[in-house]
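Read the structure below first, then the notes.
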């Protein structure tokens, strides 16, 4: 079983999600990468029943969130902390959440200890720092002991100590066998913990794979005057090639520079260089974002 997005599409107010498809399996962290406004949060809202797709399915263990009797026992989430009742004490917030969702209240002290809030359990939410509210939100996500977790930009606003703590916790939760979907617009936040990444730009998935697969995307890099024409030419010859920056064409097939040179010369496509290119995760990330 898994979290699965199957051709999820949604359109409103000039924005759209276009056939979002990827999954999250137990025991892995999938980083959901994309710039602000690319559709990450909307995709998560669809999964959690807060938005209704016009087509496709977003399921957790084969069920839509809205069809679950006790969803917090299957998936915990932290989208933001602004909706927390500032007048409640931290422990009371968790108690209210447990009561309203028929969850085990006896887990609350253990969870507060786990997220480092045991000494602040009686402090009002409004008096908690941003980092402490994030920790409380994570405790809330874990309250139902769910096999899946969804976090939207959980490191936003945290100091270096808080960031290290969250990264360590995410690794521990994965090692417990939980599947984690981690949304972020910052590559470094995800690359240190994720097993796989799903990249999104302008509402469309532009890449899904392991970090090693993206880092290993080396090949021949040709710097050409007409990038689009060169890619089309190579594709017509069955060669795997894609845009790399503004004027580069990355050829990932096993080809020699001499063969690529011949193809470009025969088609009268000017080029300034053809060289071996080593894989680069950051470049792979940004190349895909700019392709859309």
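Numbering (UniProt numbering), first residue to last: 1 to 292.
Cβ atoms here follow ideal geometry from the backbone N, Cα and C, with glycine treated the same way.
As the structure is a prediction and not an experimental result, all values here were calculated from the model.
My understanding is that residue i touches residue j, with C-beta atoms under 8 angstroms, so please give their C-beta distance in whole angstroms.
| i | j | result |
| --- | --- | --- |
| residue 129 | residue 152 | Not confirmed; about 19 angstroms, so no contact. |
| residue 79 | residue 101 | Not a contact, Cβ separation roughly 16 angstroms. |
| residue 55 | residue 16 | The pair is not a contact, with the Cβ atoms about 11 angstroms apart (cut-off 8 angstroms). |
| residue 251 | residue 240 | 7 angstroms |
| residue 277 | residue 219 | 6 angstroms |
| residue 214 | residue 284 | 4 angstroms |
| residue 48 | residue 103 | With a Cβ gap of about 17 angstroms, residue 48 and residue 103 do not count as contacting. |
Following the continuous alpha helix (DSSP H) through residue i, name the residue where it begins and the one where it ends.
| i | result |
| --- | --- |
| residue 125 | Unbroken run through residue 125: none, as it is neither H nor E. |
| residue 132 | 130-142 |
| residue 227 | 227-236 |
| residue 187 | 187-191 |
Go through its chain and collect everything with a Cβ distance to residue i's Cβ below 8 angstroms, but skip five positions before and after it.
| i | result |
| --- | --- |
| residue 133 | 81, 84 and 125 |
| residue 192 | 167 |
| residue 19 | 7, 8, 9, 56, 204 and 205 |
| residue 227 | 243, 246, 247, 248 and 249 |
I need the boundaries of the beta strand (DSSP E) containing residue i, first residue and last residue.
| i | result |
| --- | --- |
| residue 200 | 196-201 |
| residue 46 | Per DSSP, residue 46 belongs to no beta strand (DSSP E); it is in the alpha helix (DSSP H), 40-47. |
| residue 179 | 179-184 |
| residue 261 | Looking at the DSSP string, residue 261 is not in any beta strand (DSSP E); the run it does join, the alpha helix (DSSP H), is 257-266. |
| residue 24 | 15-24 |
| residue 207 | 204-210 |
| residue 169 | Counting along the chain, residue 169 falls outside any beta strand (DSSP E), though it belongs to the alpha helix (DSSP H) covering 160-175. |
| residue 7 | 3-12 |
| residue 148 | 148-152 |
| residue 60 | 55-60 |
Is residue i near residue j, with beta carbons less than 8 angstroms apart?
| i | j | result |
| --- | --- | --- |
| residue 271 | residue 223 | yes |
| residue 166 | residue 173 | no |
| residue 249 | residue 243 | yes |
| residue 199 | residue 33 | yes |
| residue 41 | residue 179 | no |
| residue 27 | residue 177 | yes |
| residue 117 | residue 105 | no |
| residue 275 | residue 221 | yes |
| residue 23 | residue 4 | yes |
| residue 288 | residue 201 | yes |
| residue 229 | residue 269 | yes |
Could you name the residues of the same chain whose beta carbon sits closer than 6 angstroms to that of residue i, not counting the 5 residues immediately before and after it, in chain order?
| i | result |
| --- | --- |
| residue 295 | Only positions 1 to 292 of the chain appear in this structure, which leaves residue 295 out of reach. |
| residue 162 | 131 |
| residue 264 | 271 |
| residue 185 | 35 and 36 |
| residue 121 | 90, 91 and 112 |
| residue 65 | 48, 49 and 71 |
| residue 96 | none |
Excluding sequence positions up to five away, which residues of its chain have a Cβ less than 7 angstroms from the Cβ of residue i?
| i | result |
| --- | --- |
| residue 141 | 76, 77, 78 and 149 |
| residue 61 | 1 and 74 |
Under the criterion of a Cβ to heavy atom distance below 7 angstroms, does residue i qualify as lining the ligand MG?
| i | result |
| --- | --- |
| residue 287 | This structure lacks the ligand MG, and indeed carries no ligand of any kind. |
Segments assigned alpha helix (DSSP H), at least 4 residues, entirely inside the segment 70-123: Counting only runs of 4 or more, we get 90-100 and 108-114.
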